[in-house]
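Reading through the structure tokens given below for one structure.
There are 2 protein chains.
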Amino acid sequence: MASQVSSGRQRKPELVAEALLAKIRSGELPVGERLPSERDLAGEFGVSRNAVREALAVLQLSGNIETRLGDGSYIARPEGTVRDENDAGLVAALNINELLQAREALELASALTAIRRATRSDLLKLDALVAEMEEHLEQDDYKTYLATTMDLHRAIASASRTPLLVSLVTELTTKHQNHEWLLHTRYTPAIGAYSLDVHQALVKAIRDKDVVAVYESTSQHYHDYPVLQG
Amino acid sequence: MASQVSSGRQRKPELVAEALLAKIRSGELPVGERLPSERDLAGEFGVSRNAVREALAVLQLSGNIETRLGDGSYIARPEGTVRDENDAGLVAALNINELLQAREALELASALTAIRRATRSDLLKLDALVAEMEEHLEQDDYKTYLATTMDLHRAIASASRTPLLVSLVTELTTKHQNHEWLLHTRYTPAIGAYSLDVHQALVKAIRDKDVVAVYESTSQHYHDYPVLQG
DNA sequence: CAGTGGTCTAGACCACGGC
DNA sequence: CCGTGGTCTAGACCACTGT
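Sequence lines, in order, name chains A and L. All you need for my numbering is the position in the first sequence, starting with 1, plus 3. All you need for my numbering is the position in the second sequence, starting with 1, plus 3.
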């Protein structure tokens, strides 16, 4: 029955879901009301029970109905407020302090996750970056030193094998690098040496799988970060 | 044919998915290899094509295979290896396994940061949510229990006072809830009790400012998460 | 008990891709 | 062209819930 509706490019389940949603919106199906059985709905809409079930599954996901096994489906709420989150502007909206807080938290997560997931080659890469930082510092090339520091943090994120962390840390460090306030930070040999020390400790802590040491070195890193507070 | 397999309590699609996953892990199906057609797989496993399709849908969501219309399905990667490309899309682009990894890392960061920043009222709110979880569990209302669990994780993120973490954890838990139906989480009283235990330990660890305990309870939480493919 | 949702089947038709 | 995945159907059996 219900000969193939060839015209519509929309799938049957979607059409059914929208029809039911319309009835909910119009008040024809008030909250708490019990829906007809799946078999009845199939007959009413001229589709198979499978199509009806898929439509109901969608409405369940959006929280519009609630289904009870052996009983029936009930209207849960008149209009599901659908969450349409977009993380595009998420990072962009952060101010300086929030960005620093975010970096601290995310790099802590990266390092702790890297403890469990880093491969030997990951660790070697971290060693190489620390060595590179050391060289830049010896040549008083603070600018390159800073850039390599960012590379290190991105490498740690990579070692965590967590795609979202890689994306976020990359985005945050890049934004960090691009901000002019970073250029205002005055690196002296003493500050540089201290910074290197903290990063060496961080890498060592990851290799030693020392959770507490990772936590402390990360806290240290940001607590002493050369930036205006407030 | 293939009369009702009454033995297994597991659904056919899951059995098929696990069988295919085993072949992938064993190397019998190397990366890039093309799977037999859905019709052939149905014959091979003695199930209907629908069951095969549902199994393949799960493997697609977890990123193990890639399906091309009119062509076939191909092995995308052997296991939790990462996909390189794109930084756009971010959260939206994550599959289930990556989403779980991201949640673990971010919630670890939230909890650890909350150790330093949570106020007394934050802690009281966490207690309240744990108590609520306890009640839902006593009533065997696993669905509401799960929802409250997500609330708890969001509350912990709030307690970290880190805007980006709040946004991300909210987004991830919401997306997770929408995918829950595919995970076919089978909550039993034993699993529920264990889960509650882990969450209670987490909140206690935050209050005690016990870094190691936070790390361990978070690891525990996700290590034992009821989901296909560890 | 009868009715409901949960699952699975066998078969059909379509649109698309490669040969 | 043929085979593939994408969709839908009609019907079946099961486990559960309400009365």
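For glycine and all other residues, C-beta sits at the position ideal for the given N, C-alpha and C.
So, does the CB of residue i fall closer than 8 angstroms to a CB anywhere in chain L?
{"i": "Ala-105/A", "result": "yes"}
{"i": "His-224/A", "result": "no"}
{"i": "Ala-108/A", "result": "yes"}
{"i": "Thr-116/A", "result": "yes"}
{"i": "Glu-57/A", "result": "no"}
{"i": "Ala-112/A", "result": "yes"}
{"i": "Val-215/A", "result": "yes"}
{"i": "Leu-155/A", "result": "no"}
{"i": "Leu-24/A", "result": "no"}
{"i": "Thr-84/A", "result": "Legend: pLDDT at Thr-84/A = 46, less than 50; position of this residue unreliable, value from coordinates given subsequently. Not one chain L Cβ lies under 8 angstroms of Thr-84/A."}
Could you tell me which of the options sits nearest to residue i, measuring between CA atoms?
{"i": "Asp-213/L", "options": "Ser-65/L, Ala-117/L, Ala-54/L, Arg-71/L", "result": "Ala-117/L"}
{"i": "His-179/L", "options": "Leu-126/L, Leu-205/L, Ala-193/L, Thr-152/L", "result": "Thr-152/L"}
{"i": "Ile-27/L", "options": "Ser-40/L, Glu-101/L, Asn-67/L", "result": "Asn-67/L"}
{"i": "Ser-65/A", "options": "Gly-73/A, Ile-78/A, Arg-71/A", "result": "Ile-78/A"}
{"i": "Glu-69/A", "options": "Gly-35/A, Lys-207/A, Leu-23/A, Val-172/A", "result": "Gly-35/A"}
{"i": "Glu-107/L", "options": "Leu-102/A, Glu-101/A, Ala-114/A", "result": "Ala-114/A"}
{"i": "Val-50/L", "options": "Ser-40/L, Leu-72/L, Val-19/L", "result": "Val-19/L"}
{"i": "Ser-136/A", "options": "Glu-110/A, Thr-176/A, Asp-200/A, Val-172/A", "result": "What sits at residue 136/A in the sequence shown is Met, not Ser. With distances taken between Cα atoms, Met-136/A lies closest to Asp-200/A."}
{"i": "Thr-176/L", "options": "Ala-162/L, Leu-109/L, Thr-165/L, Asp-143/L", "result": "Leu-109/L"}
{"i": "Thr-165/L", "options": "Gln-203/A, His-156/A, Arg-210/A, Gln-104/A", "result": "Gln-104/A"}
{"i": "Leu-111/A", "options": "Ala-131/A, Gln-63/A, Val-169/A", "result": "Val-169/A"}
{"i": "Glu-57/A", "options": "Glu-47/A, Gly-46/A, Ser-161/A, Glu-41/A", "result": "Glu-41/A"}
{"i": "Leu-167/L", "options": "Leu-127/A, Thr-221/A, Glu-101/A", "result": "Glu-101/A"}
{"i": "Arg-80/L", "options": "Gln-142/L, Arg-37/L, Asp-211/L, Asn-53/L", "result": "Arg-37/L"}
{"i": "Glu-138/L", "options": "Pro-192/L, Ala-160/L, Val-172/L", "result": "Pro-192/L"}
{"i": "Ser-163/A", "options": "Tyr-225/A, Ile-209/A, Glu-141/A, Asp-143/A", "result": "Ile-209/A"}
{"i": "Leu-62/A", "options": "Ala-25/A, Asp-43/A, Leu-93/A", "result": "Ala-25/A"}
{"i": "Leu-127/A", "options": "Pro-33/A, Pro-39/A, Gln-203/A", "result": "Gln-203/A"}
{"i": "Pro-16/A", "options": "Ile-159/A, Asn-53/A, Glu-31/A, Asp-130/A", "result": "Asn-53/A"}
Mind checking if residue i is an interface residue toward chain A, Cβ cutoff 8 angstroms exclusive?
{"i": "Ser-220/L", "result": "no"}
{"i": "Thr-165/L", "result": "yes"}
{"i": "Ala-162/L", "result": "no"}
{"i": "Ala-21/L", "result": "It is worth fixing the name first, because residue 21/L is Glu in this sequence and not Ala. Closer than 8 angstroms: no."}
{"i": "Leu-168/L", "result": "yes"}
{"i": "Val-172/L", "result": "no"}
{"i": "Glu-101/L", "result": "yes"}
{"i": "Leu-205/L", "result": "no"}
{"i": "Leu-97/L", "result": "yes"}
{"i": "Leu-295/L", "result": "Residue 295/L cannot be examined here, being either before or after the span of chain L that is shown, 4 to 233."}
Tell me where the beta strand (DSSP E) around residue i begins and ends.
{"i": "Gly-75/A", "result": "75 to 78"}
{"i": "Thr-70/L", "result": "68 to 71"}
Starting from residue i, trace the alpha helix (DSSP H) in both directions and tell me its first and last residue.
{"i": "Gln-104/L", "result": "99 to 120"}
{"i": "Arg-123/A", "result": "123 to 141"}
{"i": "Leu-62/A", "result": "52 to 64"}
{"i": "Leu-149/L", "result": "145 to 162"}
{"i": "Lys-207/A", "result": "192 to 210"}
{"i": "Glu-31/L", "result": "Glu-31/L -> no alpha helix (DSSP H), and no H or E assigned at all."}
{"i": "Gln-223/L", "result": "214 to 226"}
Should residue i be listed as close to the ligand MN, given that the test is whether its C-beta is under 7 angstroms from any heavy atom?
{"i": "Glu-36/A", "result": "This structure does not include the ligand MN; it has no bound ligands of any sort."}
List the DSSP bridge partners of residue i.
{"i": "Arg-37/L", "result": "Tyr-77/L"}
Within the chosen definition, does the segment 93 to 112 of chain L reach the segment 136 to 154 of chain L through at least 3 CB pairs nearer than 8 angstroms?
no
Taking three-plus beta-carbon pairs below 8 angstroms as touching, is the segment 151 to 171 of chain A in contact with the segment 213 to 222 of chain A?
no
The segment 195 to 206 of chain L touching the segment 109 to 125 of chain A, judged by at least three CB pairs closer than 8 angstroms:
no
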